[in-house]
Amino acid sequence: MSETRQKGLARQQMADRVALEFQDGWIVNLGVGIPTMCSNTDIGDRDITYHSENGVIGYGGVAAAGEEDLNLVNAGGQNVTLKPGAAVVHHADSFGIIRGGHIDVTVMGAYQVSMGGDFANWKLAGQKGGGIGGAMDLAACAKRVFIILEHVTRKGEPRLVEACDLPVTARGVVKLVATNYGLFEPTGSGFLLREIAPGLTVEEIRASTAGTLTVAPDLRPVRLAG
Amino acid sequence: MGQKSKQLASFRDAVADIPDGSTIAFGGFAMPGTPFNLIKALLDHGAKRLTLVANTTGGAQQPRMPDIGMLVENGQVAKVIWAFTAATRPTDVLPFTKYYESGEVDAELVPQGTLAERLRAAGAGIPAFYTPTAVGTELAAGRETRVINGREYLLEYALPLDYAFIRAHRADAAGNLRFHRSQRNFNPVMATAARCTIAEVDEPILPAGAIDADDVHTAGIFVHRLVQVPPAPEGLWPTKRQERAR
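Just so you know, the protein sequences line up as chains Z and S, in that order. Read in my numbering, the first sequence has 202 at position 202, and its numbers run on one by one without any break. Read in my numbering, the second sequence has 50 at position 50, and its numbers run on one by one without any break.
This is how it looks when you write it as structure tokens:
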């Protein structure tokens, strides 16, 4: 990779910050890309059940080389393992779990998030067709939607925007956003900066955010452990 | 149960009567549960103007693991109904995209859970249902919605099939099926939605009754034809990335 790494948090650190929000007993669905890395984070003895769209409930880590079961994958197509207590259901039941509100949090990547909690992650500008997969079901029906994304595009354009100009996946659902610049909450009228990444200033973040940025009175450095 | 075995001798026999214009669903999510051998038989068979229902095209372009994008490239497809009509990574290019952009093939993009439920509904005699999925998106533009208990829902219609092509791990002669791990995915719901379900099966077909009634995943009444997958290289099996024939 010849490009310089974006400022602030590394990809795994963004995932770590979100994973620290997971509570004991939660059922969690992780999208492909950076969200998958949430399962690498040490969150102590909290008991998390990972759900995958293809009906696998309670999958564990990626299988060691030579020990893969080619008939067992997570939503990203990785050959995973099963934790004790795992179960498999068919696709209609799997999305019954999602639509029925049994998923405590879905973590997804996105192209854009708006101040009102809309987000866009299935179709780029000018594209014919798109890749929805399970994103719209998860976005509309999980108890919480957390988003992880780079704060700006490779061209430097903000991804936290006043209103999405790309086609949205769902409206008004995003509760928490982790970027390489910090941790944010869409408030309806802006983005509340709760935690700031090392090496960044509030003014830099404001300049890279389209829409109103407010700063939490107890603004802290991004928490990465515990 | 009927006493006749549902087992056929070959994949060619299993797809021989499929007419042009059929709506065919293909099970599978990534490799597990994908009916590679039936896809290959349909490529050889040549039925045209098909509507393909599936999660996605695939696009690996692996002769040992044929995907339904190859049916598009083979000129057999009029329309697809999928949860992905573009590559998941913008940098990837699907063979399908060229045919879609030129207008040669039509596509209906459906959220994955809505696709599964439309199939379930078709098999269960429910003509339509309301779902919160896709409300407020461009997929809902101009379509019927309804507010129930203060929340807006989108009307979706059942998706009945002519044929379902599925892959199972174990079957008995009555068509009762078991799946292994995530091989299950869409396969059971597609089987219920089809007039004719054809299953390719990993293991030798067992006598009726060899699978205990309590252990059946898909009841044999939903399965009409069975073909055992022969060992490689004649039969097509999921393979590890590094072992795939080029």
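Cβ coordinates follow ideal geometry from the N, Cα and C atoms, glycine included. Owing to the predicted nature of the structure, the values given are computational and were not obtained by experimental measurement.
Legend entry - chain S contacts made by the region 124-153 of chain Z, where a contact means CB separation under 7 Å: Flagged, chain order: L124, Q127, K128, G129, G130, G131, I132, G133, G134, M136, D137, A140, C141.
Inset, instruction - Would you verify that the beta carbon of I98 of chain Z is, or is not, closer than 8 Å to some beta carbon of chain S? - result: So, interface residue.
Legend entry - When S:K240, S:T137, S:V223, S:P233 are compared against L8 of chain S, the one with the closest alpha-carbon: If we check each option's Cα against that of L8 of chain S, S:V223 comes out closest.
Legend entry - Close-in-space but distant-in-sequence residues of the same chain around P238 of chain S (CB under 6 Å, 5 per side omitted): Answer for P238 of chain S: M31, listed in chain order.
Legend entry - Distance, A19 of chain Z Cα to I39 of chain S Cα: Near 41 Å, if we compare the C-alpha coordinates of A19 of chain Z and I39 of chain S.
Inset, instruction - Starting from the beta carbon of E54 of chain Z, find every residue of chain S whose beta carbon is closer than 7 Å, and list them in chain order. - result: According to the sequence as given, residue 54 of chain Z is Asn; it is not Glu. The contacting residues are F29, S182, N185.
Inset, instruction - Examine chain Z for any beta-carbon lying closer than 8 Å to the beta-carbon of R120 of chain S, and answer yes or no. - result: By this cut-off, R120 of chain S is an interface position.
Inset, instruction - Can you give me the start and stop residues for the alpha helix (DSSP H) that K40 of chain S sits inside? - result: Annotation: the continuous alpha helix (DSSP H) that includes K40 of chain S extends over 36-45.
Legend entry - Coil, strand or helix - D45 of chain Z by DSSP: Coil.
Legend entry - Listed by chain order, chain Z residues near K98 of chain S by CB distance under 8 Å: When 8 Å is used as the limit between beta carbons, K98 of chain S is near no residue of chain Z, the shortest such separation being about 11 Å.
Legend entry - Where L236 of chain S falls, given that 16 or more other Cβ within 10 Å makes a residue buried: Around the beta carbon of L236 of chain S, 16 or more other beta carbons sit within 10 angstroms, so the residue counts as buried.
Inset, instruction - Check whether the Cβ of G136 of chain S lies closer than 8 Å to any Cβ atom in chain Z. - result: At least one CB of chain Z lies nearer than 8 Å to the CB of G136 of chain S.
Legend entry - Minimum C-alpha distance to T36 of chain Z - residue among Z:T106, Z:N71, Z:L224, Z:Q6: Looking at the Cα atoms, Z:T106 is the closest of the given residues.
Inset, instruction - State the Cα-Cα distance for the pair F11 of chain S and E73 of chain S, rounded to the nearest angstrom. - result: It is roughly 21 Å from the alpha-carbon of F11 of chain S to the alpha-carbon of E73 of chain S.
Inset, instruction - Could you tell me whether the region 173-182 of chain S touches the region 199-216 of chain S, where touching means 3 or more Cβ pairs closer than 8 Å? - result: Contact annotation: the region 173-182 of chain S touches the region 199-216 of chain S, with at least three C-beta pairs closer than 8 Å.
Legend entry - Cβ neighbour criterion (16 or more within 10 Å) applied to I148 of chain S: I148 of chain S is exposed by the Cβ-count criterion.
Inset, instruction - Report the option in Z:A65, Z:F22, Z:N54, Z:M14 whose CA atom is closest to the CA atom of I48 of chain Z. - result: Of the listed residues, the one whose Cα sits closest to I48 of chain Z is Z:F22.
Legend entry - Distance between R17 of chain Z and I18 of chain S (C-alpha atoms, nearest Å): So the two alpha carbons sit approximately 53 Å from each other.
Inset, instruction - Please work out which residues of its chain come closer than 6 Å, Cβ to Cβ, to A107 of chain S, disregarding the five sequence neighbours upstream and downstream, and give them in chain order. - result: Apart from sequence neighbours up to five positions away, the residues of its chain that approach A107 of chain S with a beta-carbon distance below 6 Å are V80, T85, Y100, ordered along the chain.
Legend entry - At least three beta-carbon pairs within less than 8 Å, the region 108-115 of chain Z to the region 157-175 of chain Z: Counting C-beta pairs closer than 8 Å gives three or more between the region 108-115 of chain Z and the region 157-175 of chain Z, which meets the contact rule.
Legend entry - C-alpha gap between V73 of chain Z and D218 of chain Z, whole angstroms: Spanning the two alpha carbons is a distance of roughly 42 Å.
Legend entry - Neighbour flag for E144 of chain S against chain Z, beta carbons, 8 Å: False, the Cβ-Cβ gap to chain Z never drops below 8 Å.
Inset, instruction - Please confirm whether A207 of chain Z and Y181 of chain Z have their CB atoms less than 8 Å apart. - result: Contact flag unset, no.
Inset, instruction - Between the Cα of V135 of chain S and those of S:A128, S:P127, S:E144, spot the shortest distance and give me the residue it belongs to. - result: Looking from the CA of V135 of chain S, the closest CA among S:A128, S:P127, S:E144 belongs to S:E144.
Legend entry - Limits of the unbroken alpha helix (DSSP H) element including A19 of chain Z: Taken as a continuous stretch (DSSP letters only), the alpha helix (DSSP H) holding A19 of chain Z covers 11-19.
Inset, instruction - Measure the CB-CB distance between S94 of chain Z and E157 of chain Z and report whether it falls below 8 Å. - result: No, Cβ-Cβ distance for S94 of chain Z and E157 of chain Z is not below 8 Å.
Inset, instruction - Given a cut-off of 8 Å, decide if G58 of chain Z and Y50 of chain Z are closer than it, judged by their beta-carbon atoms. - result: Cβ distance < 8 Å, so Y50 of chain Z and G58 of chain Z count as in contact.
Inset, instruction - Report yes or no: do three or more beta-carbon pairs, one from the region 122-140 of chain S and one from the region 137-152 of chain Z, lie closer than 8 Å? - result: Yes: the two stretches touch, three or more of their Cβ pairs being nearer than 8 Å.
Legend entry - Backbone CA spacing between K7 of chain Z and G199 of chain Z [nearest angstrom]: Straight-line Cα distance between these residues: approximately 8 Å.
Inset, instruction - Compare the C-alpha of N37 of chain S against each of S:K4, S:L155, S:R64 and name the closest. - result: With distances taken between Cα atoms, N37 of chain S lies closest to S:R64.
Legend entry - Close-in-space but distant-in-sequence residues of the same chain around T140 of chain S (CB under 8 Å, 5 per side omitted): First, the residue type needs correcting, since residue 140 of chain S is Ala and not Thr in the sequence shown. Only residues of its own chain outside the window of five on either side were considered, and among them A134, L154 have a CB closer than 8 Å to the CB of A140 of chain S, listed in chain order.
Inset, instruction - Could you round the C-beta distance between W272 of chain Z and T153 of chain Z to whole angstroms and report it? I think they count as a contact, below 8 Å. - result: Shown here, chain Z extends from 1 to 226; a query on residue 272 of chain Z therefore has no answer.
Legend entry - Inter-residue Cα distance where the pair is Y163 of chain S and A199 of chain S: Here the alpha carbons of A199 of chain S and Y163 of chain S stand approximately 11 Å from one another.
Legend entry - Exposure label - V93 of chain S; buried when at least 16 CB within 10 Å: Exposed, since its Cβ has fewer than 16 Cβ neighbours within 10 Å.
Legend entry - Simplified DSSP assignment, three categories, for R146 of chain S: Correct three-state label for R146 of chain S: strand.
Inset, instruction - Starting from M37 of chain Z, trace the beta strand (DSSP E) both ways and give me its first and last residue. - result: No beta strand (DSSP E) holds M37 of chain Z; DSSP gives it neither H nor E.
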